[in-house]
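Under this note's numbering, the first residue of the sequence shown is numbered 1, with each subsequent residue one higher. Comments concern the structure below.
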Amino acid sequence: MVQVAQNFENRADVVEVLASQAASALLPFASGYRDQTEHTTHSLFDMARAARDLAVRGLADGKGPDTPVRELMTDEIICAREDDDIEHAAAKAIGGLFAIPHGTICGTLIAPANRITLDRLRRTGENSVALAKYARLGRWLGAAENAPPDARQDHFIAELERMTDETGIPGLGRFGVKPADIERILDLSGNKNNPAALDREEMHRILASRI
1 MVQVAQNFEN RADVVEVLAS QAASALLPFA SGYRDQTEHT THSLFDMARA ARDLAVRGLA
61 DGKGPDTPVR ELMTDEIICA REDDDIEHAA AKAIGGLFAI PHGTICGTLI APANRITLDR
121 LRRTGENSVA LAKYARLGRW LGAAENAPPD ARQDHFIAEL ERMTDETGIP GLGRFGVKPA
181 DIERILDLSG NKNNPAALDR EEMHRILASR I
């Protein structure tokens, strides 16, 4: 926590990181719903309520924005999920190399990671279930119910990009990550639980877009 805090010079920087955490809170809902099979998918709203309870408890206990979720869990709130989609895998790799809050990394990558994942799904048709879920996520975020699936999918991505812009989530370059670091990060990353198996060039584009 002290090492991370040294990267922030004033209150505005702290607020920016908190905004990152808030935006990245959407990630476990969206990716958890997107990546799991129909019979293992939890209610998005049940997860939202659990995340709300975790956040309130963390604030009450004076926890910082980079507090691991596991430290906030109790017997009443338990979450178990293997986070090896592209966003979390990259966040693990980057967090091991740079002093950046995990939530900030996830928050800054969520929009481009989902855009490139959706592009690949459309191009290959490899996961029709994930495509249907992207459309449903777009509907939940305000797309017209009678809009075609691709329009609802695009709406979901547009909302992620809007939230990224409006919350001012910092890019990775703010914390010292440089384009030359991308290959090293990719060597430590994967995406085995991503709804589409991205290749190295696609993963490179995701990271490069947020430096």
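Here a beta-carbon is modelled for each residue, glycine too, at the ideal position from N, C-alpha and C.
- The beta carbon of H88 is closer than 6 Å to none in its chain, skipping five residues each way along the sequence.
- Per the C-alpha coordinates, the member of G168, H204, D187 positioned closest to L97 is D187.
- Between L118 and R210, the CB-CB gap reaches or exceeds 8 Å.
- Exclusion of the five residues before and after E126 leaves A196 as the residues of its chain whose Cβ lies within less than 7 Å of its Cβ.
- DSSP places E166 inside the alpha helix (DSSP H), whose first and last residues are 149–167.
- Per DSSP, N146 lies in no alpha helix (DSSP H) and is assigned neither H nor E.
- Under the 10 Å beta carbon count, S128 is surrounded by fewer than 16 other beta carbons and is classified as exposed.
- Residue state for K178 is assigned as coil, using DSSP reduced to three classes.
- When the Cα atoms are used, A113 and I86 turn out to be separated by approximately 7 Å.
- A direct Cα-to-Cα measurement between P170 and A132 gives close to 31 Å.
- Annotated as proximal: A90 and L207, with beta-carbon spacing under 8 Å.
- Rounded to whole angstroms, the Cβ separation of A111 and T164 is 5 Å, and the two are in contact under 8 Å.
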